[in-house]
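Beneath this line is the structure, given in structure tokens, with notes to follow.
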Amino acid sequence: MTAAVLAGAPAAQALLGEARRRAAALPVRPHLHLIRVGQDPASLSYVRGKDRQAREAGLRSTVHALPEDVALPALLALLDHLSADPEAHGILVQLPLPPHLPPAAVQAATDPRKDVDGFHPLNVGRLWAGQPGLAPCTALGILALLRHYGQPLSGRSAVVVGRSPIVGRPVAGLLLAADATVTVAHLRTPDLGRVTRDADVLIVAAGQPHLITADMVRPGAAVVDVGIHRLTGPGGAPHLTGDVHPGVAQVAGALTPVPGGVGPMTVAQLLLNTVQAAEAQLGRSAA
Ligand SMILES: Nc1nc2c(c(=O)[nH]1)N[C@@H](CN(C=O)c1ccc(C(=O)N[C@@H](CCC(=O)O)C(=O)O)cc1)CN2
1 MTAAVLAGAP AAQALLGEAR RRAAALPVRP HLHLIRVGQD PASLSYVRGK DRQAREAGLR
61 STVHALPEDV ALPALLALLD HLSADPEAHG ILVQLPLPPH LPPAAVQAAT DPRKDVDGFH
121 PLNVGRLWAG QPGLAPCTAL GILALLRHYG QPLSGRSAVV VGRSPIVGRP VAGLLLAADA
181 TVTVAHLRTP DLGRVTRDAD VLIVAAGQPH LITADMVRPG AAVVDVGIHR LTGPGGAPHL
241 TGDVHPGVAQ VAGALTPVPG GVGPMTVAQL LLNTVQAAEA QLGRSAA
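Mapping of the sequence shown onto the UniProt record's numbering: residues 1 to 287, in sequence order.
Structure (structure tokens):
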């Protein structure tokens with residue numbers, strides 16, 4: 001068996017089209033504020049991509065580039081200011097942050113109605129309570145990707161490997177809301193393969209290259225690889241790989257590529273979250 005490829009680009013285009021249509025129906029352009037601290041090369045590239053795609057989708061976007069040594073009170077003051085600004089609809093602080101800035105304090109300082117990352121404790125609670133709200137972009141993007149390719153979730157066994165607040169935990173909550181039977185495993189789970197072999201739908205966000213090998217996958221399962229690792233090949237050439245070993249393609253029924261799978265969904269979903277936040281703030285929806 002060779003797994004069907006669940007490519008992110010067409011599914012992301014569908015989300016971007018929806019974001020563009022819904023943004024155009026609003027009386028003002030939704031305004032996204034992207035806050036970046038320091039010069040981490042990956043963060044620079046992700047924020048640049050978010051800013052560019054936001055503009056292409058007809059949104060306004062402003063990048064706030066803060067120095068690596070910015071003090072916590074200064075960052076919180078910016079978040080307070082944007083939270084109170086009626087013309088700011090979405091606020092995102094790019095992760096990772098330098099060690100002196102605790103993510104929990106930063107995430108709690110954003111108005112939950114503008115928290116387009118879905119990391120504010122109120123939005124985390126809403127997700128787990130099954131209430132409408134803003135949810136994390138990668139987790140929503142994974143569900144949208146599976147939906148785009150007609151992968152059923154209701155009544156199926158879904159196993160999530162990884163328990164991060166960005167992906168593992170929220171995707172487990174969303175799978176549960178979609179009526180899947182959900183198991184969360186992680187790097188300390190004994191005999192991980194025994195757990196993952198139970199999955200009809202396997203989501204891997206453990207941050208360890210090639211953790212999941214072919215013998216750990218049920219034949220025909222849908223496998224979503226959230227890992228992104230820059231490895232150096234035998235000739236010294238760098239290449240990107242995921243948490244899933246390439247040999248899994250011989251066993252799985254469907255598999256997301258790395259790169260080009262979940263990654264593009266994260267940014268597209270961010271823009272849709274921003275439009276959703278603007279709609280709510282303008283009294284156009286319940287969320
Ligand atoms: N505040 C946040 N910070 C971070 C988040 C987040 O959702 N909110 N997620 C990640 C980084 N991220 C977006 O911010 C992100 C990661 C990967 C991709 C992507 O398109 N990846 C490509 C490969 C690109 C490459 O590295 O060459 C792919 O998978 O095809 C987009 C966004 C951590 N921080």
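No residue lacks a Cβ here, since even glycine has one placed at the ideal position from N, Cα and C.
Quiz item: Roughly how many whole angstroms lie between the Cα atoms of Ile166 and Phe119?
Solution: 8 Å
Self-check item: Beta carbon of Ala65 nearer than 9 Å to that of Arg36
Solution: yes
Quiz item: At what residue ranges does the region 178-252 contain a whole run of the beta strand (DSSP E), taking only runs of 3 or more?
Solution: Runs of the beta strand (DSSP E) lying entirely within the region 178-252, each at least 3 residues long, are 181-185, 201-204, 222-225, 229-232 and 238-241 in chain order.
Self-check item: Host beta strand (DSSP E) of Thr62 (start-end)
Solution: Arg60 to Leu66
Quiz item: Rounded to whole angstroms, how far is the Cβ of Val161 from the Cβ of Ala172, which I believe are closer than 8 Å?
Solution: About 11 Å separates the two Cβ atoms, so there is no contact after all.
Quiz prompt | Integer Cβ distance of Gly125 from Thr266, believed to fall under 8 Å | solution = Gly125 to Thr266, Cβ: 22 Å. No contact.
Quiz prompt | Assumed close pair Val159, Val195 - CB separation to whole angstroms, cut-off 8 Å | solution = About 6 Å; that satisfies the 8 Å criterion.
Quiz item: Can you give the beta carbon distance from Val262 to Thr138, rounded, assuming they're within the 8 Å contact cut?
Solution: 6 Å
Practice problem: Name the residue from Ile203, Ala177, Leu176 and Ala180 whose alpha carbon lies nearest to the alpha carbon of His186. | Solution: Ile203
Exercise. Let me know if Gly133 comes out buried or exposed under the rule of 16 or more other beta-carbons within 10 Å of its beta-carbon.
Key: buried
Practice problem: Consider the C-beta atom of Ser45 and the heavy atoms of ligand 1; say whether any pair is separated by less than 8 Å. | Solution: yes
Practice problem: Please determine, among Gln276, Val251 and His239, the residue with the shortest C-alpha to C-alpha distance to Val258. | Solution: Considering only alpha carbons, the answer is His239.
Quiz item: Rounded to whole angstroms, how far is the Cβ of Thr274 from the Cβ of Asp225, which I believe are closer than 8 Å?
Solution: At roughly 26 Å, the Cβ-Cβ gap does not stay under 8 Å, so Thr274 and Asp225 are not in contact.
Quiz item: Do you know offhand how far Val5's Cα is from Ala252's?
Solution: 10 Å
Quiz prompt | Which listed residue (Asp243, Ala214 and Val28) has its alpha carbon closest to that of Arg230 | solution = Asp243
Quiz item: Comparing the CB of Gln94 with every heavy atom of ligand 1, is any distance shorter than 8 Å?
Solution: Yes, since a heavy atom of ligand 1 falls inside the 8 Å radius drawn around the Cβ of Gln94.
Exercise. Measure how close the beta-carbons of Lys50 and Leu270 come, nearest whole angstrom, since I'm counting them as under 8 Å.
Key: 6 Å
Practice problem: Would you mind reading off the limits of the alpha helix (DSSP H) that contains Val267? | Solution: Val262 to Gln281
Quiz item: Do Leu95 and Pro103 come within 9 Å of each other at the CB atom, strictly closer than that value?
Solution: yes
Exercise. Using beta-carbon positions only, say whether Ala180 and Arg156 come within less than 9 Å of one another.
Key: Cβ distance < 9 Å, so Ala180 and Arg156 count as in contact.
Exercise. Could you spell out the range, first to last residue, of the beta strand (DSSP E) harbouring Gly90?
Key: Gly90 to Val93
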